[in-house]
Amino acid sequence: MDTEESENNHEYSETLASPISIKHKASIITCSGSSIQLTGSGSTKISLHTSHSLNQTFRDKRREKEEEAARKNEQRVLAASGRGSEWVVTGTYKIRCPVIEKGWGEQGDFRLTIFAEKGQLFAKFNFGIIEGYMRLERHAKDPNRSTGEPAKKRKRLELEHEDIPYDPYDSDRRSPTPEKFFLGKVTMPSAKYSRWNYRWRGTDVGCGENQIDSEKKLYNITFLDPMETKIEGTFGSEYHKDCAFTGHKIATSKPYDGDLSEAWSELSENGRCY
Numbered sequence: 078m079d080t081e082e083s084e085n086n087h088e089y090s091e092t093l094a095s096p097i098s099i100k101h102k103a104s105i106i107t108c109s110g111s112s113i114q115l116t117g118s119g120s121t122k123i124s125l126h127t128s129h130s131l132n133q134t135f136r137d138k139r140r141e142k143e144e145e146a147a148r149k150n151e152q153r154v155l156a157a158s159g160r161g162s163e164w165v166v167t168g169t170y171k172i173r174c175p176v177i178e179k180g181w182g183e184q185g186d187f188r189l190t191i192f193a194e195k196g197q198l199f200a201k202f203n204f205g206i207i208e209g210y211m212r213l214e215r216h217a218k219d220p221n222r223s224t225g226e227p228a229k230k231r232k233r234l235e236l237e238h239e240d241i242p243y244d245p246y247d248s249d250r251r252s253p254t255p256e257k258f259f260l261g262k263v264t265m266p267s268a269k270y271s272r273w274n275y276r277w278r279g280t281d282v283g284c285g286e287n288q289i290d291s292e293k294k295l296y297n298i299t300f301l302d303p304m305e306t307k308i309e310g311t312f313g314s315e316y317h318k319d320c321a322f323t324g325h326k327i328a329t330s331k332p333y334d335g336d337l338s339e340a341w342s343e344l345s346e347n348g349r350c351y
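According to my numbering, the sequence shown holds residues 78 to 351 in order.
(1) For residue 201, is the classification buried or exposed, using 16 other Cβ atoms within 10 angstroms of its Cβ as the cut-off for buried?
(2) Expressed to the nearest angstrom, what Euclidean distance is found between the alpha-carbon atoms of residue 322 and residue 134?
(3) Hey, could you find the ends of the alpha helix (DSSP H) residue 338 is sitting in?
(4) Does DSSP put residue 268 in a helix, in a strand, or in coil?
(5) Tell me whether residue 330 sits in a helix, a strand or coil according to DSSP, three-state version.
(6) Grab me the residues of residue 141's own chain with a C-beta within less than 8 Å of its C-beta, minus the 5 sequence neighbours each way, in chain order.
(7) By a C-beta neighbour count over all protein chains shown, 10 Å radius and 16 as the cutoff for buried, is residue 326 buried or exposed?
(8) Between residue 199 and residue 212, is the Cβ-Cβ spacing less than 9 Å?
(9) Is it the case that the Cβ atoms of residue 297 and residue 272 are separated by a distance below 9 Å?
(10) To the nearest angstrom, how far is it from the Cα of residue 332 to the Cα of residue 190?
(11) Would you mind sorting residue 215 into buried or exposed? The rule is 16 or more other CB atoms within 10 Å of its CB.
(12) Does residue 309 come out as helix, strand or coil in the three-state DSSP assignment?
(13) Output needed for residue 291: all residues of its chain with C-beta closer than 7 Å, excluding positions within five of it in sequence on either side, in chain order.
(14) Out of curiosity, what's the CA-to-CA distance linking residue 282 and residue 317?
(15) So if DSSP puts residue 325 in a beta bridge, which residue, or which two residues, is it bridged to?
(16) Using 10 angstroms around the beta-carbon of residue 274, count the other beta-carbons present and answer buried if the total reaches 16, otherwise exposed.
(17) Expressed to the nearest angstrom, what Euclidean distance is found between the alpha-carbon atoms of residue 79 and residue 132?
(18) For residue 206 and residue 177, which I take to be in contact (beta-carbon distance under 8 Å), what is that distance rounded to the nearest angstrom?
(19) Taking the C-alpha atoms as reference points, what is the distance between residue 229 and residue 193?
(20) So, is residue 266 buried or exposed, given that buried needs 16 or more other C-beta atoms within 10 angstroms?
(21) Where does residue 258 fall in DSSP's three states?
(22) Just the Cα atoms here: how many angstroms apart are residue 287 and residue 341?
(23) Which same chain residues, not among the five before or five after residue 309, have their C-beta less than 6 Å away from its C-beta?
(24) Where does residue 204 sit, in a helix, a strand or coil, going by DSSP?
(25) If you draw a straight line from the alpha carbon of residue 307 to that of residue 301, how long is it in whole angstroms?
(26) For residue 210, which residues from the same chain have a beta carbon less than 8 Å from its beta carbon, with the 5 sequence-adjacent residues on both sides left out?
(27) Quick check: the Cα distance between residue 264 and residue 145, rounded to an integer number of angstroms?
(28) With a 10 Å radius around its C-beta and 16 neighbouring C-beta atoms as the bar for buried, classify residue 335 as buried or exposed.
(29) The beta strand (DSSP E) with residue 193 in it runs from where to where?
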């Protein structure tokens, strides 16, 4: 590295790769071990390659490669996302949730992967202290819901989307996929239908206990832009108050490997760990 001009009794310290001695005019610069001292009169300017500068160069190049890889991955994600009236929101999102991160010291590799299969939208998530599944409900403004439906039926369907007490396990006994989770005409978010309600079931990562009351609460997730790369939503559990999370897409998704209905049922009361 280049040192600045050295004046009388000026000292400079730097880590060196190996001992070195330089003589310049009336000044002698001796370098050994981990320090260098410049003492003399007049001005002197030298250039030295040190282990510090070499390591810094290596780190800079590695960071540039990582940033370039991230840019290429983002381009692939954007290219795979549709630009039609319906957005392609399936894929993996990196999640930030400050309440969980600060309250439990959980740092960061939170993930949420959205799938669209068998007329459903659902997500598999890991938020550090809790992991499980979210199931997005049929959109409350789905135009397919009101066509030809009696007023009483429309009212009942509207109430399904309110945050009211109900028995989720009774739904499991009737069907592993209750009616409200089957999508209607609206099968994907769009500018008109960007905010969706969801319910979740999950497991305490630490003790392995199922959160059996989690599904009684209704939360929401909003898809923020036409490129389908950013989301925000609400989440809560018995460990913390309702809180906000944000996310950005980092990868497109593959088909879900498993049976969602079976995984969902296993997180019911009967699947609780003691």
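Just so you know, even glycine gets a beta-carbon here, dropped at the ideal spot from N, CA and C. All values reported here derive from a predicted model rather than from experimental measurement.
According to the data block:
(1) buried
(2) Residue 322 and residue 134 have their C-alpha atoms some 36 Å from each other.
(3) 337-343
(4) coil
(5) coil
(6) Result list for residue 141: empty, nothing under 8 Å.
(7) buried
(8) yes
(9) yes
(10) 11 Å
(11) Using a 10 angstroms sphere on the CB of residue 215, the tally of other CB atoms reaches 16 or more, which defines it as buried.
(12) strand
(13) 277, 278, 279, 314
(14) 15 Å
(15) 171, 307
(16) buried
(17) Only weak support is given to the placement of residue 79: the predicted model assigns it a pLDDT of 47, under 50, and the value that follows is read from those uncertain coordinates. Rounded to the nearest angstrom, the gap between the Cα atoms of residue 79 and residue 132 is 16 Å.
(18) 6 Å
(19) Residue placement at residue 229 is flagged as unreliable, the pLDDT there being 48, under the threshold of 50; the coordinate-derived value follows with that caveat. Roughly 30 Å between the two C-alpha positions.
(20) buried
(21) helix
(22) 11 Å
(23) 299, 323
(24) coil
(25) 6 Å
(26) 199, 200, 201, 202, 277, 278, 279, 337, 340, 341, 344
(27) 34 Å
(28) exposed
(29) 187-194
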